[in-house]
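Let me begin by presenting the structure, written as structure tokens, before commenting on it.
Pasting the structure below:
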């Protein structure tokens, strides 16, 4: 019987946050290890130590779970709070925090493997690539656009196109190093090298967009 047909009925008991986290961790692990098609909801339930019914009580189908796993991975490194713009926090400090989180995210083993999997699916016309983009990269891009728009309204930045500016910011951080990492020709930036890279990227961005 197809996975989507085995869904719970009724509201049931309140959902357990710990079980939700376990399901997401299991999903991330299996999707990366076995691919999307090779990761059944049965296997994810077993990996998480919960019943299949419990998986469906939290996530209605495998596509929903896949999107949620991608979003959860991004939020680990880039929680929404990072994209706030408090009056008492200098813009440069805020950008540094986002830059550190973003670099750690794109350099992580999970992120690299997921990017590779999405590239391999692109030629097959899979909608998973679009789902991945909307749950991960697009969410981060949208939140950065909002932050930069607020900064421009306060006179902290001079820019007409927050979308383009956000794209510039993340492109500076990824640079050639991330491409080399994806194709297996480089190592992730870590420690002092990562911090220097973040500082250089943020300073270059500010030189381009400060009034």
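Numbering (my numbering), first residue to last: 497 to 707. Built from N, CA and C at the ideal position, the CB exists for glycine as well.
Helix, strand or coil for residue 539? Go by DSSP, reduced to three states. helix
Under DSSP, the alpha helix (DSSP H) around residue 596 begins and ends at which residues? 587 to 603
Alpha helix (DSSP H) segment containing residue 681, residue limits: Premise fails: residue 681 is in no alpha helix (DSSP H) and is neither H nor E.
Proximity below 8 Å, CB of residue 669 to CB of residue 587: no
How would you call residue 658, buried or exposed, if buried means at least 16 neighbouring beta carbons within 10 angstroms? buried
Helix, strand or coil at residue 560 according to DSSP, with G and I counted as helix: helix
Looking only at its chain, what residues have a beta carbon closer than 8 Å to the beta carbon of residue 567, apart from the 5 residues adjacent to it on each side? 631, 632 and 635
Residues near residue 662 by beta carbon distance below 7 Å, same chain, minus five either side: 637, 640, 641 and 644
By the three-class DSSP mapping on this structure, what secondary structure does residue 546 have? coil
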